[in-house]
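The block underneath contains the structure these notes are about, expressed in structure tokens.
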């Protein structure tokens with residue numbers, strides 16, 4: 655029994671090290687508790703770039719899944735608005751479809767549902783694109799907006815909220 659203990663310990667250490675998040679990042683976000691009175695988490699998204707950078711990555715570390723979201727084309731005129739989404743976990747299978755769980759809203763009152771989650775299904779490290787329509791009633795959803803909010807619900811937390819300052 656003793657001769658198997660050291661190789662087993664070394665194997666487990668290697669596996670855990672391979673799946674551990676990189677320590678190179680200086681963005682250390684502490685998950686915020688869910689506030690049932692407000693029916694949403696209190697300010698859980700953080701920036702890992704300067705606030706004036708419109709395409710700054712937003713991070714949410716609630717529950718057992720870490721979300722990192724980067725808008726890809728907020729400053730261009732296209733038919734869709736796309737977000738790069740990276741999900742990391744060590745305990746949950748990431749086979750869900752994020753499209754029906756995601757809504758994009760602006761401070762000017764426009765709200766659109768995601769039309770596609772373009773990503774592989776399953777695993778513990780998934781990266782893909784979350785795609786939304788860029789127009790509603792033939793008008794850009796960003797016209798007149800100062801703040802863009804992406805909300806993702808029911809993915810190991812009641813809701814995850816990511817905001818970008820468009821001005």
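Numbering (my numbering), first residue to last: 655 to 821.
Backbone N, C-alpha and C fix where the C-beta goes; we use that ideal spot for every residue, glycine too.
Straight-line Cα distance separating residue j from residue i
i           : j           : result
residue 716 : residue 792 : 36 angstroms
residue 785 : residue 718 : 24 angstroms
residue 757 : residue 765 : 7 angstroms
residue 821 : residue 799 : 8 angstroms
residue 699 : residue 714 : Residue confidence for residue 699 is low, a pLDDT of 46 falling below 50, so the modelled location carries little weight; the figure read from the coordinates is stated next. C-alpha separation (whole angstroms): 5 angstroms.
residue 731 : residue 794 : 9 angstroms
residue 805 : residue 789 : 18 angstroms
residue 818 : residue 775 : 27 angstroms
residue 752 : residue 763 : 22 angstroms
residue 797 : residue 755 : 24 angstroms
residue 816 : residue 723 : 8 angstroms
residue 675 : residue 809 : Low confidence applies to residue 675: its pLDDT is 48, below 50, so where it sits in the model is not reliable, and the reading given next is rough at best. Between residue 675 and residue 809, the C-alpha separation is close to 19 angstroms.
residue 706 : residue 744 : Low per-residue confidence applies at residue 706: pLDDT is 39, beneath 50, and the placement is therefore not dependable enough to give any value.
residue 711 : residue 737 : 10 angstroms
residue 778 : residue 812 : 20 angstroms
residue 749 : residue 741 : 11 angstroms
residue 734 : residue 787 : 5 angstroms
residue 807 : residue 814 : 6 angstroms
Residue i in three-state terms, based on DSSP
i           : result
residue 754 : helix
residue 821 : coil
residue 762 : coil
residue 730 : coil
residue 714 : strand
Unbroken beta strand (DSSP E) run spanning residue i, endpoints
i           : result
residue 777 : Note, residue 777: premise wrong, no beta strand (DSSP E); not H, not E.
residue 746 : No beta strand (DSSP E) holds residue 746; DSSP gives it neither H nor E.
residue 772 : 770-772
Identified DSSP bridge partners for residue i
i           : result
residue 809 : Note: residue 809 sits in no beta bridge, so no partner.
residue 796 : Looking at the DSSP assignment, residue 796 forms no beta bridge with any residue, so it has no partner.
residue 785 : 736, 770
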